[in-house]
Amino acid sequence: MTKDNFPLLLDYEALKQQFTEAEETTCAIHAAQTDISHDNASVIDHSALHFDANGKDIHAEKKPGLRGSRLRSYAFAVLTRKEYSKADLIEKLALYADSREEVIHLVEELARENYQSDQRVAEMLLSSQKRKGKGPNRIKLALKNKKVDSELIQDELKETDWVAEAYQLKIKKFGKAVERDPKQKAKQIRFLQYRGFDLDTIFKVIARKEFDDE
Numbered sequence: 001m002t003k004d005n006f007p008l009l010l011d012y013e014a015l016k017q018q019f020t021e022a023e024e025t026t027c028a029i030h031a032a033q034t035d036i037s038h039d040n041a042s043v044i045d046h047s048a049l050h051f052d053a054n055g056k057d058i059h060a061e062k063k064p065g066l067r068g069s070r071l072r073s074y075a076f077a078v079l080t081r082k083e084y085s086k087a088d089l090i091e092k093l094a095l096y097a098d099s100r101e102e103v104i105h106l107v108e109e110l111a112r113e114n115y116q117s118d119q120r121v122a123e124m125l126l127s128s129q130k131r132k133g134k135g136p137n138r139i140k141l142a143l144k145n146k147k148v149d150s151e152l153i154q155d156e157l158k159e160t161d162w163v164a165e166a167y168q169l170k171i172k173k174f175g176k177a178v179e180r181d182p183k184q185k186a187k188q189i190r191f192l193q194y195r196g197f198d199l200d201t202i203f204k205v206i207a208r209k210e211f212d213d214e
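full-length UniProt numbering numbers the first residue of the sequence shown as 1 and each following residue consecutively.
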């Protein structure tokens with residue numbers, strides 16, 4: 001077999017040089033990406049960088065930095081998928097926005113135009129929680145977690161027959177019989193308290209006889 005038929009030997013030194021140059025280029029791009037928010041800085045603060053177990057900068061993937069019309073378009077896209085409370089929408093948009101202050105102004109505008117509504121969020125949450133068998137205390141806690149004022153549905157909370165709601169839960173879980181055993185009564189009380197009903201409602205429910213709902 002002639003010499004020309006043999007594969008050419010790899011030029012190790014040339015490949016090593018190419019690899020080193022490519023690696024340096026990648027590192028330069030990576031460093032530029034991690035310093036997006038400090039365009040005017042002349043020196044990268046390496047002490048602020050954090051790396052995972054594989055040596056990758058966990059902050060390398062920066063948020064998009066949306067602003068202006070792009071931020072507004074994203075806000076509308078978010079609101080078309082589900083209702084957000086004002087507080088939740090601010091936090092959602094702030095993850096991708098360039099300026100939190102701009103997000104706050106935008107959300108305030110969306111609320112004024114009724115694209116965002118804490119009232120709707122409160123009403124939807126009330127309906128959803130009632131379907132799940134939750135009492136007023138759990139509903140108020142859920143509203144508080146979303147930073148929505150429970151006063152927005154104060155009338156609905158007052159108009160709901162919570163004794164009837166709790167009684168349906170009680171008979172579904174424990175039956176219609178009035179329990180005489182203290183331990184079993186305590187079990188029913190704990191169950192209904194966990195569901196968010198107050199003690200006045202609970203005592204009425206566990207003492208309610210079968211003929212009382214006729």
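Think of the CB as a built atom: it goes at the ideal place given N, C-alpha and C, for glycine as much as any other residue.
- Message: From the DSSP secondary-structure annotation, give me the bridge partner or partners of Leu66.
- Response: Ala97
- Buried versus exposed call for Thr201 [16 or more other C-beta atoms within 10 Å across all chains shown]: buried
- Nearest-angstrom Cβ-Cβ length linking Arg67 and Ala97, presumed shorter than 8 Å: 7 Å
- Using a Cβ-Cβ cut-off of 8 Å (strictly less than) and excluding sequence neighbours within five positions of Tyr74, which residues of its own chain qualify? Leu66, Leu93 and Tyr96
- Taking just the CA atoms, how far does Leu71 sit from Lys173? 48 Å
- Separation of Tyr115 from Thr80, as counted between CA atoms: 9 Å
- Task: Take Gly133 as the anchor and find which of Leu152, Ser99, Phe203 and Ala164 has the nearest alpha-carbon.
- Result: Ala164
- Please report the residue range of the alpha helix (DSSP H) in which Gln188 lies. Pro182 to Tyr194
- Message: So, with DSSP's three-state summary, where would you put Val163?
- Response: helix
- Item | CA-to-CA distance, Arg190 to Val178, given in whole angstroms | 16 Å
- Cβ-based burial, Ala122 [other Cβ within 10 Å; buried from 16]: buried
- Query: Of the choices Arg195, Leu106 and Arg120, whose alpha-carbon is the least far from that of residue 216?
  - Reply: Given that the chain is displayed from residue 1 to residue 214, the structure contains no residue 216 and the question cannot be resolved.
- Query: When the Cα of Leu126 is compared with those of Gln188, Lys187 and Glu159, which residue comes out closest?
  - Reply: Glu159
- Are the CB atoms of Lys147 and Ser85 nearer to each other than 8 Å? yes
- Task: Would you mind giving the Cβ-Cβ distance between Ile206 and Gln188, rounded to the nearest angstrom? I have them listed as a contact below 8 Å.
- Result: 5 Å
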